[in-house]
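Residue numbers (this note's numbering): 3 to 194.
C-beta: ideal position from N, C-alpha, C; glycine also.
Reviewing the structure listed below.
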């Protein structure tokens, strides 16, 4: 197998990209474990502190609208991303962005993964998993502290999901702009 075929096969592995990075791409987990993660956690703590309801009640009120919004927005862009990635102009994207089309593809999958994980955790909250866990671990006072921590994690994860959904929209916008620049370059109206 020649080097180009090996590189193409290597770039198809999301989890390899996520944990180790591929070629010159940085690992995908670094898109999550960055300075913004602390901000999401602080936001989650703030919301858990000011919203006086249990994670079970919050899940009943948040789960279905959140699911619809996160998955709906993410999946709505999948057709657009698919069409753009397969366009002839975007095939020249390596000139503009390290990792090219594969970086966009993996970032999109990461955003979907985070959205699905958020919905799964809210589903666990919806069946009372986090509420009952604190009671099983100790006293009522201990259970209340555990409940606040889990609510903070849920709200922080929700904030992270919203940010990643926004990243998908920014990514599609970047692809539109790059597509337009390549179009202008082909017409001789733009120099890079």
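8 angstroms Cβ cutoff met for residue i and residue j
{"i": "residue 49", "j": "residue 157", "result": "yes"}
{"i": "residue 149", "j": "residue 132", "result": "yes"}
{"i": "residue 124", "j": "residue 61", "result": "yes"}
{"i": "residue 169", "j": "residue 122", "result": "no"}
{"i": "residue 155", "j": "residue 46", "result": "yes"}
{"i": "residue 27", "j": "residue 105", "result": "yes"}
{"i": "residue 42", "j": "residue 161", "result": "yes"}
{"i": "residue 163", "j": "residue 72", "result": "yes"}
{"i": "residue 89", "j": "residue 181", "result": "yes"}
{"i": "residue 195", "j": "residue 40", "result": "Outside the shown range of the chain (3 to 194) lies residue 195, about which nothing can therefore be said."}
{"i": "residue 103", "j": "residue 167", "result": "no"}
Status (buried if at least 16 other CB within 10 Å, exposed otherwise) for residue i
{"i": "residue 119", "result": "exposed"}
{"i": "residue 128", "result": "buried"}
{"i": "residue 20", "result": "buried"}
{"i": "residue 153", "result": "buried"}
{"i": "residue 179", "result": "exposed"}
{"i": "residue 197", "result": "The structure shown does not extend to residue 197, since the chain spans only 3 to 194, so no value can be given for it."}
{"i": "residue 107", "result": "buried"}
{"i": "residue 35", "result": "exposed"}
Residue i (DSSP reduced to helix, strand or coil)
{"i": "residue 166", "result": "helix"}
{"i": "residue 15", "result": "coil"}
{"i": "residue 26", "result": "coil"}
{"i": "residue 191", "result": "coil"}
{"i": "residue 34", "result": "coil"}
{"i": "residue 179", "result": "helix"}
{"i": "residue 54", "result": "coil"}
{"i": "residue 130", "result": "coil"}
{"i": "residue 105", "result": "helix"}
{"i": "residue 88", "result": "coil"}
### Task
Answer yes if the segment 180-189 comes into contact with the segment 57-73, meaning at least three C-beta pairs across the two stretches below 8 angstroms, and no otherwise.
Result no; under three Cβ-Cβ pairs closer than 8 angstroms.
*asked:* Under 8 angstroms: do the segment 52-60 and the segment 78-85 share three or more Cβ pairs, one atom per stretch?
replied: When C-beta atoms of the segment 52-60 are compared with those of the segment 78-85, fewer than three pairs fall below 8 angstroms, so the two segments do not count as touching.
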